[in-house]
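Working notes, beginning with the structure itself.
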Amino acid sequence: MTEETAKYTMARLRNHVVPVLGQLRLVELDKTHVESLFRKVGSGATAAKTEERTGRGAVVRGGRGAARKVVRDLSAVCTFAVDNNLMKANPVANARVNKVDNERKDYLTTAHVQRLGRALVEAETSHGVPRVATDQIRLWLLTGLRRNEGAALKWSEVRLEHESLELETSKSETKRPLTPPAVAFLRKLKETADSAYVFPAKRGDGWFTGTKRYLPLIMRLAGLDRLFPHLLRHTFGSNAISQGLSIPLAGALLGHANLRSTLIYAHVQHDVAARAAGPCMTDFAAALGAPTRDAFGGERSNAADGGERS
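Note that numbering that gives the first Met the number 0 has the sequence shown beginning at 0, numbered continuously upward.
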């Protein structure tokens, strides 16, 4: 677990679990308490504005996505307690809640990506969006990297000669194979590199953190209803699997330590599936004497071609 992941995990436990279940002892906790927690966080009952230790305010959001993460965090706490004989069983195991995000089917289709590509160019040329911001978006989509894995990427982590990345810090696997388009993109960026970071900050020695402020504009230019780094990661994973890549290989590209994580990305994209299914069904269509669409988009009748019917 990275330092940042640990920080967010502790914040979820402190801001969601403690207000709802903090008065209970571990041995009193049962699945009904877990289910109640899931409902309350999911409905936004635990949402609030808190005071961070830095003195800045932090917004604590609820919702179903937050509820699933909170329940997973609680499950990890209970597993630790069971392993250390502090409780007999993990009540999360039998609770009737969604513990994974497999109900989400967020990804961009090929048509969406085409619109996004045009929007990135328009944002640069007509709206003054810095190239470093649009290039971060391109890299997220071409690599499937997590937000900060891509945004804070260092050239010392890039192994172009081996077509891979060797990440210094990661939630899971640190070595990632790169696709040929990602390698070509990084080679192009390398030509003008003058910083330790692939996406250097405008001021100082850090990495560029300002892409978020441009996402609403780019989303509007592309005609998308949502745009955020994890959507691009989800699109990368979904497209890889839809194109026929095996779950283990897709998991390697995404940096997953276990296949269960990759299965969340295993949504077959409609347009890719339709293109793949077309040739598969041509023989059936011919046998049926059904009309088919040729390579030029025109329709023809197999029966008219003398297709045998049975």
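Note that the Cβ used here is the ideal one computed from N, Cα and C, for glycine as well. No experiment lies behind these values; they were computed from the predicted model shown.
Looking at the structure shown, is Pro199 part of a helix, part of a strand, or coil, going by DSSP? strand
Need the endpoints of the beta strand (DSSP E) that Ser155 sits in, please. First-last for Ser155: undefined, no H or E at that position.
Would you tell me roughly how many angstroms separate the C-alpha atoms of Leu159 and Pro215, rounded to the nearest one? 32 Å
Please report the Cβ distance between Leu36 and Leu20, rounded to the nearest whole angstrom; I am assuming they are in contact, meaning their Cβ atoms lie under 8 Å. Right, their Cβ atoms sit about 6 Å apart.
Is the beta carbon of Ala44 sitting closer than 8 Å to the one on Gly64? no
When DSSP labels each residue in this structure, what does Ala44 get in the three-state scheme? coil
What does the alpha-carbon distance come out to for the pair Asn147 and His161? 22 Å
If you reduce the DSSP assignment to three classes, tell me which class Ser74 lands in. helix
Using the C-alpha atoms, what's the distance from Arg38 back to Arg202? 44 Å
Inter-stretch contact at 8 Å, needing at least 3 Cβ pairs: the segment 107-120 / the segment 189-199: no
Quick check on this structure: which residue in Leu28, Ala66, Val40 has the alpha carbon closest to the alpha carbon of Thr78? That would be Leu28, whose Cα lies nearest to the Cα of Thr78.
Determine, using beta carbons only, whether Leu223 and Gly236 come nearer to each other than 8 Å. no
Put Leu36 into one of helix, strand or coil per three-state DSSP. helix
Quick one: which unbroken beta strand (DSSP E) runs of 3-plus residues sit fully inside the segment 161-235? Chain order, please. 163-165, 174-176
Using a Cβ-Cβ cutoff of less than 6 Å, which residues in the same chain neighbour Pro90 once the five nearest sequence positions on both sides are dropped? Leu28, Asp29, Lys30, Val33
The segment 124-132 touching the segment 235-250, judged by at least three CB pairs closer than 8 Å: no
Give me the Cβ distance between Trp139 and Pro199, rounded to the nearest whole Å; I'm assuming they're in contact under 8 Å. Their Cβ separation, rounded to whole angstroms, is 17 Å, which puts Trp139 and Pro199 out of contact at 8 Å.
Figure out for me which residue from Thr8, Glu190, Leu185 has the closest Cα to the Cα of Lys68. Thr8
Whose C-beta lies closer than 8 Å to the C-beta of Thr178 among residues of the same chain, with five residues either side of it excluded? Leu141, Thr142, Leu252, listed in sequence order.
Over what stretch of residues does the alpha helix (DSSP H) that includes Glu123 continue unbroken? 109-125
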